[in-house]
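Okay, so the sequence shown: first residue is 44 according to the numbering used here, each after it adds one.
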Amino acid sequence: MPGRVVVVGSVNVDLVVSGERLPAPGETVTGGTFSRHGGGKGANQAVAAARLGVETILVGAVGDDDLGRAARAVLSSDAVDTRFVETAPTATGVALILVGAGGENLISVAPGANATVRPEAVALAFRELGLTAADVVLVSNEIPGEAVVAALSFARSAAARTILNPAPASGIGREALGTASIVTPNRGELVALAAALGLEPADHDPATVARALLEAARLADAVVVTLGPAGALLVDRSGEARAPAPTVHATDATGAGDAFNGCLAASLATGLGLRDALRRAVVAGAIATTRTGARDGMPTAAALDDAIAAMGTA
Ligand code: ADP
Numbered sequence: 044m045p046g047r048v049v050v051v052g053s054v055n056v057d058l059v060v061s062g063e064r065l066p067a068p069g070e071t072v073t074g075g076t077f078s079r080h081g082g083g084k085g086a087n088q089a090v091a092a093a094r095l096g097v098e099t100i101l102v103g104a105v106g107d108d109d110l111g112r113a114a115r116a117v118l119s120s121d122a123v124d125t126r127f128v129e130t131a132p133t134a135t136g137v138a139l140i141l142v143g144a145g146g147e148n149l150i151s152v153a154p155g156a157n158a159t160v161r162p163e164a165v166a167l168a169f170r171e172l173g174l175t176a177a178d179v180v181l182v183s184n185e186i187p188g189e190a191v192v193a194a195l196s197f198a199r200s201a202a203a204r205t206i207l208n209p210a211p212a213s214g215i216g217r218e219a220l221g222t223a224s225i226v227t228p229n230r231g232e233l234v235a236l237a238a239a240l241g242l243e244p245a246d247h248d249p250a251t252v253a254r255a256l257l258e259a260a261r262l263a264d265a266v267v268v269t270l271g272p273a274g275a276l277l278v279d280r281s282g283e284a285r286a287p288a289p290t291v292h293a294t295d296a297t298g299a300g301d302a303f304n305g306c307l308a309a310s311l312a313t314g315l316g317l318r319d320a321l322r323r324a325v326v327a328g329a330i331a332t333t334r335t336g337a338r339d340g341m342p343t344a345a346a347l348d349d350a351i352a353a354m355g356t357a
């Protein structure tokens, strides 16, 4: 039986005004265009996994407001199981985003309900789900640190595989890293994690830094570093593997990391080995950059298979 993906993480609503230029403090700039998008790393990763046809459950929280109800409805329409997305007596997490004509931006985030995710709620969800070794638990860091550590350690006691996406990297230390099976930083997060652990790798090559992190943090399985257009790099005890990303016409890299992580988790849950899962995840990340917005470009299983087949014949 295939496993499930259980995502523990944030749910945000992104409120975006795109205008000619960004306002200076105290200034009002009019004439922009407004759009609203589902966001939050947890929610985005859950959508990425669910679109690939794998049973996906999200553990998190929205506020008791219209944005929260809308966020939940959108997740459900993407087949994400939101039973364990609590409704907290506060506001839904919001990212206010201003974008200028050249793509430059200003972002201010109010975590709202995401700050209320408690270890007890995670424990309850895992118990009711009857987590098993076939399941993959994917955790990102836009929720309180105690909830991150709790999710990783409860999952480990159920023998489920865990992926820690250390985004953002701040506050992640030895405890979380040492409980994860796989950690998936991008280049900047890799450097931040190494600094947080006081590591002084021999050089700044991602492979060197990733190996230092693997050893120092006693990670169970692997460090997987995402490298944007260059794909991803895996470092584990048996060596290293590189998975190049296909060349695409990238228009918006928002959500590429979420597509990558969701696909990695979904592929492991269907029983693929880590190296094969990595080869699918780099393609999912690349496809996600070809459309605007974090979720719009996330591929279905059929779209991903087609892209992989096209790479094989290119
Ligand atoms: P993050 O979004 O977390 O910073 P990356 O930028 O490393 O992460 O992107 C995650 C994955 O998305 C990469 O490993 C790669 O597969 C894919 N990707 C990102 N940007 C591009 C790009 N310009 N072209 C092709 N693939 C990309």
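Glycine included, each C-beta is placed from N, C-alpha and C at the ideal position.
Bear in mind the structure is a predicted one, so any value in this text is a computation, not a measurement.
What did DSSP end up calling residue i once you bin it into helix, strand or coil?
i, result
"Ala296", "coil"
"Thr388", "The chain is shown only over 44 to 357; residue 388 falls outside these bounds and no answer can be derived."
"Asp57", "strand"
"Ala138", "strand"
"Ser183", "strand"
"Ser151", "strand"
"Arg334", "coil"
"Arg322", "helix"
"Thr251", "helix"
"Thr159", "helix"
"Ala193", "helix"
"Ala67", "coil"
"Glu243", "coil"
"Asp178", "coil"
"Ala308", "helix"
"Ala144", "coil"
"Met44", "coil"
"Pro339", "The amino acid occupying residue 339 in the given sequence is Asp; Pro does not appear at that position. Looking at Asp339 - three-state DSSP - the assignment turns out to be coil, as it is neither helix nor strand."
"Ile215", "coil"
"Gly328", "helix"
So residue i packs on residue j, CB below 8 Å; how close in whole Å?
i, j, result
"Gly298", "Ala345", "Their Cβ separation, rounded to whole angstroms, is 20 Å, which puts Gly298 and Ala345 out of contact at 8 Å."
"Arg94", "Pro342", "7 Å"
"Val210", "Glu232", "The sequence given here places Ala at residue 210; Val does not occur at that position. That pair is a contact at about 6 Å."
"Arg79", "Val105", "Incorrect: roughly 14 Å between the Cβ atoms, too far for contact."
"Gly274", "Pro287", "4 Å"
"Ile206", "Thr222", "The pair is not a contact, with the Cβ atoms about 12 Å apart (cut-off 8 Å)."
"Ala131", "Asp107", "7 Å"
"Leu240", "Ala260", "7 Å"
"Gln88", "Ser183", "7 Å"
"Ile100", "Phe127", "6 Å"
"Gly111", "Val160", "Going by Cβ atoms, the distance from Gly111 to Val160 rounds to 14 Å, so no, they are not a contact pair."
"Val97", "Val123", "Not confirmed; about 11 Å, so no contact."
"Arg318", "Ala284", "5 Å"
"Gly314", "Pro45", "7 Å"
"Leu347", "Val325", "Not really, about 11 Å apart at Cβ, beyond 8 Å."
With which residues is residue i paired in a DSSP beta bridge?
i, result
"Leu101", "Val50"
"Glu283", "Val278"
"Asn208", "Ser183"
"Ile225", "Ile206 and Ala265"
"Gly81", "Val56"
"Ile76", "The identity of residue 76 in the sequence shown is Thr, whereas the question assumes Ile. Ser61."
"Arg130", "The question names Arg, but residue 130 in the sequence shown is Thr. Per DSSP, Val105."
Q) Pairing CB atoms from the segment 158-177 with CB atoms from the segment 137-145, are three or more of them under 8 Å? A) Segments in contact, no.
Q.
Across the segment 170-190 and the segment 66-82, are there enough close Cβ pairs to call them in contact, namely three or more that are closer than 8 Å?
A. no
Q) Touching or not, the segment 272-287 and the segment 48-66, by the rule of three or more beta carbon pairs under 8 Å? A) no
**Q.** Cβ contact (3+ pairs, closer than 8 Å) linking the segment 265-277 and the segment 291-308
**A.** yes
Q: State whether the segment 132-139 contacts the segment 47-56, with contact taken as three or more CB pairs (one from each stretch) at a distance under 8 Å.
A: yes
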